[in-house]
Amino acid sequence: MKKLVLISIACSTAVLAVGILIGHFGISSGPSWVSDVARDVDEHFIVKFMLEVNNVQIQENLKVLTKVPHLASTAGDEQAVQFILKRWQDPENGLDQAWKEDYVVYLSFPDRSNPNKVTVVSPSDTVLHTVREREKAYTPDQDDPDVVQPYAAYSPAGHPKGKLVYANQGTPTDYEQLNRTVDLRGTIAITRYGGAGRADKAINAAPYGVAGVLVYTDPLDINDGLMSDASETYPHSWYLPPSGVERGSYKNQYGDPLTPYLAAKEETYRIPPENIPGIPPIPIQPIGFEDAYILICELGGEAALAEWQGAFNCSYNYGGPGFKPTSAFHGSDVKLDIFNHGKLESSSNVMGVIRGSVEPDRYVIYGNHRDSWVYGAVDPSSGTAVMMEVSRVLGMMVKKGKWRPRRSIIFGSWGAEEFGLIGSAEYTEQYFTKLSERTVAYINVDIAVFANATFKASGMPSLQSVIFKAAKQVDAPGLESTSVYDNWIRYSKRVSPAHGTIPKMGYLTGAGSDYAAFVHYLGITSLDMAYTYDKNKTNARIYPAYHTAYDTFDYASRFIDPGLVCHQAIARTSGNILVRLADSLVLPLNSSDYAETLESYLNTAVNLYQHQLQTRNISIEPLKRAVAAFRRASARLDRVILDSDLANETPLKVRRINDQLMLLDRAFLDPLAFPDKHAFRHLIWASSNAGHPTFPGLADAYVDAESSGQSSDWDKVHRHLSVLSQAIDGAASTLADVI
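Structure follows, in structure tokens:
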């Protein structure tokens, strides 16, 4: 009996011990998803990613992408679509899913069988000079029949003829100045790129009776004054040769012009083409500076203002109107024969996805447009080649089972960007609700490499810290023991009250690339990055072969980035940021850096506007209080994040904080704030004509009121001040604890 009792006790003890062990390990390990939910970004993985990024692979991508011209909707564009689609569907290093998203969009083309012409004609209609119709061929690339003739997309067709005048950059003040000297009715104006948008050069001219406009790139603005293709310009250097012509979209609104605020699907309602706003009302045509030199140096009339003079070795005169008496062109007219036509064409976005493991309904989007005016080795194929390498490395890691991001990553190859950011805008219009509710951030890499001097980045201030962190981890090409960050700060820096001397970031205040719809329409935290040139060594407003037939693989690999090592640095930096946004437990967004920018904007507004506003009984105090409230709310949120052990707290707390960070920029949206600006809703980053680093709507309203002196315009200033103050105060409340 005693033996049985001892055996029973021993068995009970063993069962209890086993139960305790099972309970202990069961409780400590928990369900399999617990460790996934608490997982933070893996620094070792980021290092592995950057080591895998291969400049030789990027170079091969660039070669494929620049074999043929790939203007939007052409056969060359479709070849690029299939190349990207095949790569993203590759079973070994592709993505989880990839597909085409098709739209039917309104594009503008010249007539291949009836090319646009610009001529100088005598009173008897004898042709005295004909402007070159195609750029000079230095390599077989320029002779390809698919190289589109230089033209102004969305310029109307027409045949205006008149005396020539010189209108500098075609700004409103330029035409006003010119009109004081010359009767502009029935004239043809020649303008240079810069100062005003492409379409605005014609829009600003029309009220003065100008019949047509020519546009050229002055060597002073792009070539540091150099003009000779015998030794100074391409193919001897990166400078634009004399016959080079910058093509472009001549419309002011982004997205498909016939379907504003609607995705351009086949059966979507379309406005009539004649009702498209923001396009030239008169014919306009770009030409090379070799022809501009001939025309401008023959002009009569008074010498133009000193600031209107360019690189040509002659006086830039206003025009008589027309040519000077000693010119062989005296008494002659300039004639434009423009045969452009609009067409509905199919254009595709190529989309690819890596599904998130923990939060698949949160998206980090990485985008680059695919189409180019000709070969587009720099714009945009440098960015496409980089994006393809980033997606290859991440796709390979996923396929091998070595990694899967916390959040979903979406790659977008946008179509028809060159015609006005069409593909990305249609995407945001089609998926407006889903993207608004779920997108963490958008990374734009359009032109990845302008040149090989230094890194630059523009974006929301909340992204500053993650951009800096990534830049510190990437080696600067060609520099010993120097990071991209350290090299960047040598070229561009500012003093931050919180951080001391740091690199200077830009802001996404206009619609220069595909970030526009994400920033201005959806209010999604966004950034744009590139490697670029030393602005102390050149006056070039952009890389010189921009939008010309000379933007080829030869040009990019010889003069922009030999060895494509800067492309590699951009791939490493952008991919590093992408992984951090997709994998970090707490989103690497900093609202206090946003507060610093709002305070800087406020200081500028107070210095510029407060005194005049006070004389109008308009108080700026509500704006001061709102910015102060935003600073306090940001500081509180910082403390919550720092004081919390979020890896060991409820996942709902992490989700709540991340939603506050993710949705911050949405709080600055107001669909009624800018009624005259299509798809601009962000109160902090909307475009402005005032030229001051402050709140754009307030600045523009103030300039208009000061100019007109009308009480109704001062009422608009007061109204926008109220809209702005309440929006910032509302944004601050989104950072506070949820009640």
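For what it's worth, my numbering labels the leading residue of the sequence shown as -7, then goes sequentially.
The beta-carbon is built from N, C-alpha and C at its ideal position, and this holds for glycine as well.
Since we're looking at a predicted model, the values are computed, not measured.
With DSSP as the reference, label residue i as helix, strand or coil.
i: M521; result: strand
i: S714; result: helix
i: G375; result: helix
i: Y143; result: coil
i: G150; result: strand
i: F442; result: coil
i: W395; result: coil
i: R486; result: strand
i: R354; result: strand
i: K464; result: helix
i: T544; result: coil
i: D325; result: strand
i: L359; result: Residue identity differs from the one stated: residue 359 is Gly in this sequence, not Leu. The answer is strand: DSSP assigns G359 an E or B state.
i: F687; result: coil
i: M219; result: coil
i: F447; result: strand
i: Y586; result: helix
i: S576; result: coil
i: N341; result: strand
i: G555; result: helix
i: Y538; result: coil
i: V366; result: coil
i: P115; result: coil
i: E282; result: helix
i: D94; result: strand
i: I562; result: helix
i: A433; result: strand
i: G412; result: coil
i: T493; result: strand
i: K128; result: coil
Give every residue of the same chain whose Cβ lies closer than 8 Å to the Cβ of residue i, excluding the five residues on either side of it in the sequence, and list them in chain order.
i: E698; result: Q604
i: Y367; result: T58, V60, P61, H62, D133, S373, A541, D543, T544 and F545
For residue i, count neighbouring C-beta atoms within 10 Å of its own C-beta (all shown protein chains included) and say buried if the count is 16 or more, exposed if not.
i: V119; result: exposed
i: L519; result: buried
i: T251; result: buried
i: G683; result: exposed
i: T225; result: buried
i: N681; result: exposed
i: G567; result: buried
i: W80; result: buried
i: T642; result: exposed
i: K155; result: buried
i: K193; result: buried
i: Y507; result: buried
i: H712; result: buried
i: K485; result: exposed
So, at 6 Å on beta carbons, what are the nonlocal neighbours of residue i in its own chain, with the 5 sequence-adjacent residues on each side left out?
i: L653; result: L579 and L581
i: V557; result: N47 and P469
i: D353; result: R430
i: A621; result: D721 and A724
Can you check whether the C-beta of residue i is within less than 8 Å of a C-beta belonging to chain D?
i: Y513; result: Reference to chain D is not applicable here, since this structure consists of a single protein chain.
Pop quiz: residue i and residue j are said to be a contact at Cβ under 8 Å. What is the actual Cβ separation, rounded to whole angstroms?
i: Y158; j: L291; result: 6 Å
i: A733; j: L54; result: Outside the displayed range of the chain (-7 to 731) lies residue 733, so it cannot be described from this structure.
i: R190; j: Y242; result: 5 Å
i: V345; j: I279; result: So it is not a contact: roughly 44 Å between Cβ atoms.
i: T503; j: L615; result: Strictly speaking, residue 503 in this sequence is Ala, with Thr absent from that position. Contact doesn't hold; Cβ gap of about 26 Å is too wide.
i: N108; j: Q277; result: 6 Å
i: E410; j: D363; result: 5 Å
i: R734; j: M219; result: Only positions -7 to 731 of the chain appear in the structure, and residue 734 is not among them; the question remains open.
i: A678; j: P663; result: Incorrect: roughly 12 Å between the Cβ atoms, too far for contact.
i: S339; j: Y95; result: 6 Å
Within the same chain, show all residues whose beta-carbon is closer than 7 Å to that of residue i, passing over the 5 residues directly before and after it, in chain order.
i: M379; result: Y358, N360, F403 and V437
i: D553; result: V441, N444 and H559
i: V646; result: L577, V578 and L638
i: A463; result: F447, S475, V476, Y477, W480 and T565
i: T726; result: Q652, L655, L656 and A659
i: S20; result: Note that S20 scores a pLDDT of 48, beneath 50, so its modelled location is shaky and nothing firm can be said.
Can we count residue i as close to the ligand HEM, meaning its CB is less than 7 Å from some heavy atom?
i: F37; result: The model on display carries no ligand, and the ligand HEM is accordingly not part of it.
Note down, one range per segment and in chain order, each alpha helix (DSSP H) of at least 4 residues found wholly within the segment 167 to 212. Complete alpha helix (DSSP H) runs here, min 4: 190 to 195.
Give the list of continuous beta strand (DSSP E) stretches no shorter than 3 residues that lie fully inside the segment 47 to 77. Listed in chain order, nothing qualifies, since the segment 47 to 77 has no complete beta strand (DSSP E) run of 3 or more residues.
Hey, which unbroken runs of the alpha helix (DSSP H) at 4 residues or more fall wholly within the segment 632 to 681? Counting whole runs of 4 or more residues, the segment 632 to 681 contains the alpha helix (DSSP H) stretches 643 to 654.
For a minimum of 3 consecutive residues, which ranges assigned as the beta strand (DSSP E) are wholly contained in the segment 217 to 296? Complete beta strand (DSSP E) runs here, min 3: 276 to 278.
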